[in-house]
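Novice: Its first residue numbered 2, the sequence shown is counted upward by one per residue in the working numbering.
Following this message is one structure expressed as structure tokens.
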Amino acid sequence: MASLIPSVPKAKGILFQQLHFHPLYSHCLRRGHATAVVAHPLLPKTNLITALCNQEYHDSCNTIRGPLSRTTSSIRYVSSADSSKPSSTPQRTRPRIVVAMSGGVDSSYTTIIMYKICDGIEVIGLHMSNWNALDEDPDISNATNTREKEYTDAQSVAQHLSIPLHRVSFASEYWIQVFEPFVESLAELTMPNPDYGCNTFIKFGAMKKYAMGQMNADFVATGHYAQLWHRGYTGDNDSSGVFPDRSKDQSYFLSGVKGEAFRNVIFPLGHLAKSQTQQTVRDIAHQAAIPTASKRDSMGICFIGKRNFGQFVSQYLPEPPAPGTFVDVDTGEIVGYHEGSMHYTIGQGAKISGASARYFVCGKGSTGDDGNTVFVCNSTHHPSLYTDELSVDFDAFNWIGLGEKSDTDSFGHVPYPLVEGRPIKLLARTRHLQPLAQCTVSWQRSRDANSLGKLTVQFEKPMRAITPCQVVSLYAGSDGLICLGGGPIKGRGSSYLERGMDVSLSMLH
Numbered sequence: 002m003a004s005l006i007p008s009v010p011k012a013k014g015i016l017f018q019q020l021h022f023h024p025l026y027s028h029c030l031r032r033g034h035a036t037a038v039v040a041h042p043l044l045p046k047t048n049l050i051t052a053l054c055n056q057e058y059h060d061s062c063n064t065i066r067g068p069l070s071r072t073t074s075s076i077r078y079v080s081s082a083d084s085s086k087p088s089s090t091p092q093r094t095r096p097r098i099v100v101a102m103s104g105g106v107d108s109s110y111t112t113i114i115m116y117k118i119c120d121g122i123e124v125i126g127l128h129m130s131n132w133n134a135l136d137e138d139p140d141i142s143n144a145t146n147t148r149e150k151e152y153t154d155a156q157s158v159a160q161h162l163s164i165p166l167h168r169v170s171f172a173s174e175y176w177i178q179v180f181e182p183f184v185e186s187l188a189e190l191t192m193p194n195p196d197y198g199c200n201t202f203i204k205f206g207a208m209k210k211y212a213m214g215q216m217n218a219d220f221v222a223t224g225h226y227a228q229l230w231h232r233g234y235t236g237d238n239d240s241s242g243v244f245p246d247r248s249k250d251q252s253y254f255l256s257g258v259k260g261e262a263f264r265n266v267i268f269p270l271g272h273l274a275k276s277q278t279q280q281t282v283r284d285i286a287h288q289a290a291i292p293t294a295s296k297r298d299s300m301g302i303c304f305i306g307k308r309n310f311g312q313f314v315s316q317y318l319p320e321p322p323a324p325g326t327f328v329d330v331d332t333g334e335i336v337g338y339h340e341g342s343m344h345y346t347i348g349q350g351a352k353i354s355g356a357s358a359r360y361f362v363c364g365k366g367s368t369g370d371d372g373n374t375v376f377v378c379n380s381t382h383h384p385s386l387y388t389d390e391l392s393v394d395f396d397a398f399n400w401i402g403l404g405e406k407s408d409t410d411s412f413g414h415v416p417y418p419l420v421e422g423r424p425i426k427l428l429a430r431t432r433h434l435q436p437l438a439q440c441t442v443s444w445q446r447s448r449d450a451n452s453l454g455k456l457t458v459q460f461e462k463p464m465r466a467i468t469p470c471q472v473v474s475l476y477a478g479s480d481g482l483i484c485l486g487g488g489p490i491k492g493r494g495s496s497y498l499e500r501g502m503d504v505s506l507s508m509l510h
């Protein structure tokens, strides 16, 4: 296997330069330097490196040896209800890392990193198939072929490395915790973010629980572009969160995950990017002859894939989408007709047959006898698209470093003392990869004893296309290096059009 990544373990090799920060890799090459490496977040006091490379597991982690002899075990298809353990090893002599393998280039390269990181670590792949395509109309679905292709790609990488790969289905959990709420929100004419729920309930919920329990893993590694940080690493900030990788930052999708769910989790790609001037993940994947190196990034709904969105979702709505009208927000005139407002979200272009101008969706509602109106405007920077305020139910907001809701009065793990009536300065985004925007966050308690009230986020500049049910994530630091958490947007403030205000480009920069 030494030929897979020719630059390992040379200190000047690109991979070493990119990975020397990682506690596992660093310790395996330079034993005893663990205190100089950034600590993994929210781990127990037992050091990650000690747990992996101490005498209990390995007698000499920094001894360079030949490639480990690995054999591929039989592949099983198991459900989350299966109580049997895919791998039964009562007395293991080396640590076990389970790598989530989707069949894409990111998870494939993550697997190689874990394979090469330290002699003596047992690496096992885990592939999830969480959507039952047999429930769909076969005339409009190629999901079965797509699902099997993903699994085949993951198999090819596992065979390339001679590591075992297990297959598991969390279809029931996915349906109940992610897809049903998604469809219910669509039926209520809101547009939620399924990737937020996928990470919260499936990847760092059901999958991690299965890996740590049924597969008896010591650690779980995924191909997320994010870094983890513990508030004890520096005295400058009393917080926990996710350091985003700026080129492909996935902290937005991770903002709903509880801090404790990140225990024993590894993000090896936190410092890497798919495209930049240095070597990229895809470049190194090609060098390592990874079978999935040229594979395109996956798109579409989490675990379901890319397909005709409206046609697909319509199968699961309680009632067929109701047709309605497009109404110009300035003139009040009908400018076209649509087959259902659930197909549209605020800010997107509205394709209106026969329209003389280009329109953008700026709202949904009702006019006269039409209860299914999509309001449109004729400019991408129209004042109806902009507001500078949003609100979030405090109970629905996830503080990554905060424990149970009973701890909210102390806020011992939130980086700033969030006190009622005392606004704090933070950064926020309401879209994946959206530039971080300066804002002020305030907390207003509710008179209802069963509710903690709401958070109000006031932006310093106009924000485009803030959409209820989408996610707002909050960040600390002048550069927004720490993601504090996130939650679904409850409502947005009045638009600039409603206030009778124009939006100039100078206001946006």
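Cβ coordinates follow ideal geometry from the N, Cα and C atoms, glycine included.
Since the model is a prediction, treat every value here as computed from it, not as a measurement.
(1) Do you know how far the Cα of residue 252 is from the Cα of residue 482?
(2) Could you have a look at residue 451 and say whether DSSP puts it in helix, strand or coil?
(3) Going by beta-carbon coordinates alone, are residue 268 and residue 207 separated by less than 8 Å?
(4) Apply the 10 Å Cβ neighbour rule to residue 97 and answer buried if 16 or more other Cβ atoms are within range, or exposed otherwise.
(5) Just list the residues that DSSP pairs residue 374 with in beta bridges.
(6) Within a Cβ cutoff of 8 Å, which residues of the same chain sit near residue 502, ignoring the five residues on either side of it in sequence?
(7) Hey, residue 395 and residue 453: beta-carbon distance below 8 Å or not?
(8) My output table needs one value for residue 222: the three-state DSSP class, helix, strand or coil.
(9) What separation, rounded to the nearest whole angstrom, lies between the Cα atoms of residue 438 and residue 186?
(10) State the Cα-Cα distance for the pair residue 419 and residue 402, rounded to the nearest angstrom.
(11) Is residue 386 helix, strand or coil when you go by DSSP?
(12) According to DSSP, simplified to helix, strand and coil, what is residue 28?
(13) Could you spell out where the alpha helix (DSSP H) holding residue 115 opens and where it closes?
(14) Alpha carbons only, please: which of 165, 429, 181 is nearest the one belonging to residue 172?
(15) Could you work out which residue in 195, 214, 107 is closest to residue 271 when comparing CA atoms only?
(16) Taking just the CA atoms, how far does residue 179 sit from residue 79?
(17) Assuming the contact rule is C-beta atoms closer than 8 Å, residue 347 and residue 330 should be a hit. Round their C-beta distance to whole Å, please.
(18) So which of 152, 165, 462 has the shortest CA-CA distance to residue 116?
(19) Ordered along the chain, which non-local residues of its own chain (more than five positions away) have a Cβ less than 7 Å from that of residue 397?
(20) Which residues in the same chain have their Cβ closer than 6 Å to the Cβ of residue 364, if we skip the five residues on either side of it in sequence?
(21) For the beta strand (DSSP E) holding residue 327, just list the boundary residues, first then last.
(22) Mind the definition here: the segment 206-224 touches the segment 190-197 only if three or more C-beta pairs lie below 8 Å; say whether that holds.
(23) Suppose contacts are defined by Cβ-Cβ distances below 8 Å. Is residue 380 in contact with residue 374 by that definition?
(24) Roughly how many angstroms lie between the CA atoms of residue 495 and residue 442, to the nearest whole one?
(25) What is the C-beta distance between residue 387 and residue 258, in whole angstroms, given that I count them as a contact (C-beta under 8 Å)?
(26) Residues in its own chain within less than 8 Å of residue 355 by CB, not counting five upstream and five downstream?
(27) Taking C-beta to C-beta, are residue 152 and residue 104 nearer than 8 Å?
(28) Give me whichever residues DSSP pairs with residue 464 in a beta bridge.
(29) Between 163, 430, 451, which lies nearest to residue 465 when the distance is taken from Cα to Cα?
(30) Per DSSP, which residues does residue 516 bridge with? Please list them.
(31) So the alpha helix (DSSP H) residue 184 belongs to, where does it begin and stop?
(32) Looking at the structure shown, is residue 66 part of a helix, part of a strand, or coil, going by DSSP?
(33) Quick check on the DSSP output: the beta strand (DSSP E) that includes residue 101 runs from which residue to which?
(34) What residue does the alpha helix (DSSP H) around residue 356 start on, and which one ends it?
(35) In three-state terms, what does DSSP make of residue 126?
(36) Note down, in chain order, each residue of its chain lying with its Cβ closer than 6 Å to the Cβ of residue 99, except the 5 sequence neighbours on either side.
Specialist: Let's see:
(1) Numbered from 1 along the sequence shown, position 481 holds the residue referred to as residue 482. Numbered from 1 along the sequence shown, position 251 holds the residue referred to as residue 252. If you draw a straight line from the Cα of residue 482 to the Cα of residue 252, it is about 10 Å long.
(2) If you number the sequence shown from 1, residue 451 lands on position 450. Reduced to three states, the DSSP call for residue 451 is coil.
(3) As a first step, residue 268 is located in the sequence shown; it is residue number 267 there, counting from the start. As a first step, residue 207 is located in the sequence shown; it is residue number 206 there, counting from the start. Contact flag unset, no.
(4) Position 96 of the sequence shown holds residue 97. Buried, because 16 or more other Cβ atoms sit within 10 Å of the Cβ of residue 97.
(5) Against the sequence shown, residue 374 aligns to sequence position 373. Note: residue 374 sits in a beta bridge opposite 366.
(6) Start at 1 with the first residue of the sequence shown, and residue 502 comes out as number 501. For residue 502, where only same-chain residues beyond five positions count, the Cβ hits under 8 Å are 384.
(7) For the purposes of this step, residue 395 is taken as the residue at position 394 of the sequence shown. For the purposes of this step, residue 453 is taken as the residue at position 452 of the sequence shown. Yes, they are a contact pair.
(8) Taking the first residue of the sequence shown as position 1, residue 222 is located at position 221. Looking at residue 222 - three-state DSSP - the assignment turns out to be strand.
(9) If you number the sequence shown from 1, residue 438 lands on position 437. If you number the sequence shown from 1, residue 186 lands on position 185. Going by the C-alpha atoms only, they are around 27 Å apart.
(10) To locate residue 419, count along the sequence shown from 1; it is residue 418. To locate residue 402, count along the sequence shown from 1; it is residue 401. Going from the Cα of residue 419 to the Cα of residue 402 covers about 14 Å.
(11) Walking along the sequence shown from the start, residue 386 turns up at place 385. Note: residue 386 maps to helix in three-state DSSP.
(12) Counted from its first residue, the sequence shown places residue 28 at position 27. With a pLDDT of 31 at residue 28, under the threshold of 50, the modelled position of this residue cannot be trusted, and the question is left open.
(13) For the purposes of this step, residue 115 is taken as the residue at position 114 of the sequence shown. Per DSSP, residue 115 belongs to the alpha helix (DSSP H) from 106-118.
(14) Position 171 of the sequence shown, counting from 1, holds the residue named residue 172. Taking only the C-alpha atoms, the option nearest residue 172 is 181.
(15) Translated into the one-based positions of the sequence shown, residue 271 becomes position 270. If we check each option's Cα against that of residue 271, 107 comes out closest.
(16) Indexing the sequence shown from 1 puts residue 79 at position 78. Indexing the sequence shown from 1 puts residue 179 at position 178. Only weak support is given to the placement of residue 79: the predicted model assigns it a pLDDT of 35, under 50, and the value that follows is read from those uncertain coordinates. Distance between the alpha carbons of residue 79 and residue 179 is about 20 Å.
(17) Taking the sequence shown and counting its residues from 1, the one referred to as residue 347 is at position 346. Taking the sequence shown and counting its residues from 1, the one referred to as residue 330 is at position 329. Actually they do not touch by this definition, with Cβ atoms about 12 Å apart.
(18) Your numbering for residue 116 matches position 115 in the sequence shown. If we check each option's Cα against that of residue 116, 165 comes out closest.
(19) For the purposes of this step, residue 397 is taken as the residue at position 396 of the sequence shown. Within the same chain, Cβ atoms closer than 7 Å to the Cβ of residue 397 are found at 488, 489, the five residues on either side in sequence being excluded.
(20) Walking along the sequence shown from the start, residue 364 turns up at place 363. So the qualifying residues of the chain are 376.
(21) Residue 327 sits at position 326 when you count from the first residue of the sequence shown. Looking at the DSSP string, the run of the beta strand (DSSP E) that includes residue 327 is 325-329.
(22) no
(23) Position 379 of the sequence shown holds residue 380. Position 373 of the sequence shown holds residue 374. No; because the gap between Cβ atoms is not below 8 Å, this pair is not in contact.
(24) To locate residue 495, count along the sequence shown from 1; it is residue 494. To locate residue 442, count along the sequence shown from 1; it is residue 441. If you take the alpha carbons of residue 495 and residue 442, they lie about 17 Å apart.
(25) Here the question's residue 387 lines up with position 386 in the sequence shown. Here the question's residue 258 lines up with position 257 in the sequence shown. In fact, because the Cβ distance is near 30 Å, the residues do not count as touching under 8 Å.
(26) Along the sequence shown, read from residue 1 onward, the residue named residue 355 stands at position 354. Closer than 8 Å at the Cβ level, and outside the excluded window around residue 355, lie 337.
(27) As a position in the sequence shown, residue 152 is number 151, starting the count at 1. As a position in the sequence shown, residue 104 is number 103, starting the count at 1. Yes, Cβ-Cβ distance for residue 152 and residue 104 is below 8 Å.
(28) Residue numbering aside, residue 464 sits at position 463 when the sequence shown is read from its first letter. In the DSSP secondary-structure assignment, residue 464 is bridged to 388.
(29) Indexing the sequence shown from 1 puts residue 465 at position 464. Residue 465 has its Cα closest to that of 430, out of 163, 430, 451.
(30) This structure gives no information on residue 516, because the portion of the chain shown stretches from 2 to 510.
(31) As a working mapping, residue 184 is identified with position 183 in the sequence shown. Looking at the DSSP string, the run of the alpha helix (DSSP H) that includes residue 184 is 181-188.
(32) On the sequence shown, residue 66 is found 65 positions in, with the first residue counted as 1. Only weak support exists for where residue 66 lies, its pLDDT of 26 falling under 50; the value from the coordinates is given anyway. Of the three classes helix, strand and coil, the one that applies to residue 66 here is coil, per DSSP.
(33) As a first step, residue 101 must be located in the sequence shown, where it is residue number 100. Where residue 101 is concerned, the enclosing beta strand (DSSP E) stretches over 97-101.
(34) Taking the first residue of the sequence shown as position 1, residue 356 is located at position 355. In the DSSP assignment, residue 356 falls outside any alpha helix (DSSP H), carrying neither H nor E.
(35) Here residue 126 corresponds to residue number 125 of the sequence shown, with the count starting at 1. Judged by DSSP in its simplified three-state form, residue 126 adopts strand.
(36) Within the sequence shown, numbered from 1, the residue matching residue 99 stands at position 98. Hits under 6 Å: 125, 127, 212, 216, 218, 221.
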